[in-house]
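Residue numbers (this note's numbering): 25 to 361.
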């Protein structure tokens, strides 16, 4: 392609030079022709050595390798033996460039799957939306959109994702893929009632074999977590301070007895305008699943007088204290110097 461009540029320069020479009544000169030749050659060499992006040649190679694959995808053909061992990233680039010129429901859906595989949920959502523009009733594309929304929320079911899943279930209440996606994402979002309902709907049709065992485990976990969430709902502790400046940043966190490092079970950061202060742990403050042994929970706190600081800067501590879940507040902590 580059050679063709250079030759075309050379031909244009030659024709222009010849026309101007004839108009001026001057004879054709090899020396005069050498100047535009040299300019074109230097420009081409400069492009090859400086202006050519180092990824261009790789892109052109991928274009030649994967363009037939993209063409078959857009046509809705199933992958063949010749389509094995392909690069998802390279096919994604080539397929996207083809879809701009040749939109296709199957093509956009496949592009979304590729982006999902590459861990790019925002791009997967965009491809799924393009597919839905072509067919709003396509369940696979709608679930792909929901999966992208869930992935962008770290695996948790969002209201928008649930709305997309609900549209699929409204058309087909027995859609296994929609129910499974809803059950798993609802569990991550601590919406255990919804997760349990989804698991039960699956269990009603798939109670046998390994699938049944998996579904029963998911249902049991959702029910256990729901029970524990009810016990921990509204968990509140009081934090006091001895001779400590007010107006700083307070961190309250839960760990298992004996643990001193790593990610806590739950944590909340608040501005301590005054002491004593009551801090309630909300469902969104939990960083891990609710533990089985609630009597092993310990609450502790760290504080820094500087507002807006990180936990690493909080060098004033309250010792870990056991919880009494039958009382409110469930514990009382004291920050000491």
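Glycine included, C-beta positions come from ideal geometry on N, C-alpha and C.
Task: Close-in-space but distant-in-sequence residues of the same chain around residue 347 (CB under 7 Å, 5 per side omitted) - done: 321, 323, 354 and 355
Open item on the list: Is residue 165 close to chain D? Criterion is C-beta to C-beta, closer than 7 Å.
Closed with: Here there is only one protein chain, and chain D is not present.
TODO: Let me know the secondary structure DSSP gives residue 99 once reduced to three states.
DONE: coil
Open item on the list: Based on DSSP bridge pairs, tell me the residues matched to residue 264.
Closed with: 358
- [ ] Per DSSP, which residues does residue 339 bridge with? Please list them.
- [x] Paired residues: none, contrary to the question.
Task: Integer-rounded CB distance, given that residue 220 should sit under 8 Å from residue 243 - done: 6 Å
- [ ] May I ask which residues mark the beginning and end of the beta strand (DSSP E) holding residue 278?
- [x] 272-280
Open item on the list: Looking at the secondary structure, which residues open and close the alpha helix (DSSP H) in which residue 133 lies?
Closed with: 129-141
Task: Alpha-carbon spacing of residue 205 relative to residue 170, whole angstroms - done: 9 Å
Task: Buried versus exposed, by CB contacts within 10 Å (16 or more), residue 85 - done: exposed
Task: N- and C-terminal bounds of the alpha helix (DSSP H) containing residue 295 - done: Per DSSP, residue 295 belongs to no alpha helix (DSSP H); it is in the beta strand (DSSP E), 290-296.
Task: Contacts around residue 266, its chain only, beta-carbon distance under 8 Å, and the 5 residues preceding and following it disregarded - done: 358, 359, 360 and 361
Open item on the list: For residue 321, list the residues DSSP reports as bridge partners.
Closed with: 280
Task: Three-way DSSP call (helix, strand, coil) for residue 344 in this model - done: strand
Task: Cβ shell of residue 290 (< 7 Å), same chain only, five flanking positions each side left out - done: 277, 278, 305, 309, 310 and 311
TODO: For the region 291-305 and the region 222-237, state whether three or more C-beta atom pairs, one from each stretch, are separated by less than 8 Å.
DONE: no
- [ ] Would you identify the three-state DSSP class for residue 189, choosing helix, strand or coil?
- [x] helix
Task: Reference residue 149, options 126, 180, 185 and 114, closest by Cα - done: 185
Open item on the list: Looking at the strands, I want to know which residues DSSP matches up with residue 326.
Closed with: 275 and 341
Task: residue 304 in three-state terms, based on DSSP - done: strand
Task: From 129, 326 and 144, residue whose alpha carbon lies closest to that of residue 153 - done: 129
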